[in-house]
Amino acid sequence: MVVDDASPDGTQDIIRELQTHYPIYLLARPKKMGLGSAYVAGFQKALTLGADLIFEMDADLSHAPEDVPRLIAACEAGADLAIGSRKVMGGGISGWSWWRYFMSDGAMWFSRFFLGLKTRDVTAGFRCFRRRVLETVSIDSIKSNGYAFQEELLYRTQKNNFKIVEVPVIFVDRQKGKSKLNKKDILEFFWIIVKLR
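Using UniProt numbering, the letters of the sequence shown correspond one by one to residues 1 to 197.
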């Protein structure tokens, strides 16, 4: 499934072409409605379609599709949430500047400190959920519509005592385009984390 918020790069046209050869579901939204609401819309559609394991991952290949079976295996071995982690032994990041490392590590420390998160990679966007997690944590009531979405969902998952496992992956910085993180996103991130506590 691809969730697309009217991106200007022709994503929807490419997906429609691929749909003639592959079983891809396109959730096309009319305008940019926020990262968090895109996740929620995708999760809700996946639940409606009857999925037992539901993934989230970046479409720019920063998350390697070859790692998907390892996250599935972790869930089949008993995890309720398997996280493709850059922060456990064997995991890592390729291609980031020192500034990105600094920002990411700062956000992780802040989230773990304020929310008591036990996971090492709390901002990871490569995750495999058992459907019961998403059915339990009330995804439609998540407050964050931006980058704090990952932490809020993780916080709710941990609070409900689901088993969380980190699987080491290498995150490769995108080769085309650039990160959309801006000052407003950063402020919203810190505000949401503080409010959650």
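Cβ coordinates follow ideal geometry from the N, Cα and C atoms, glycine included.
Check                                                                                   : Outcome
N-terminal and C-terminal residue of the beta strand (DSSP E) that P23 is part of       : No beta strand (DSSP E) contains P23, which DSSP labels as neither H nor E.
Which of helix, strand or coil DSSP assigns to G10                                      : coil
Extent of the continuous alpha helix (DSSP H) run through V194                          : 183-196
Residue interval of the beta strand (DSSP E) (run including A51)                        : Element bounds for A51: n/a, residue is neither H nor E.
Candidates R29, L26, R156, D5: closest to D140 by CA position                           : R156
Contact belief for L35 with G146 at Cβ below 8 angstroms, rounded distance in angstroms : 6 angstroms
Extent of the continuous alpha helix (DSSP H) to which E166 belongs                     : Careful: E166 lies outside any alpha helix (DSSP H), inside the beta strand (DSSP E) at 164-168.
Inter-residue CB distance, A51 and V165 (contact presumed, cutoff 8 angstroms)          : Wrong, their Cβ atoms sit about 19 angstroms apart, outside the cutoff.
Contact under 8 angstroms by Cβ, I192 with K143                                         : yes
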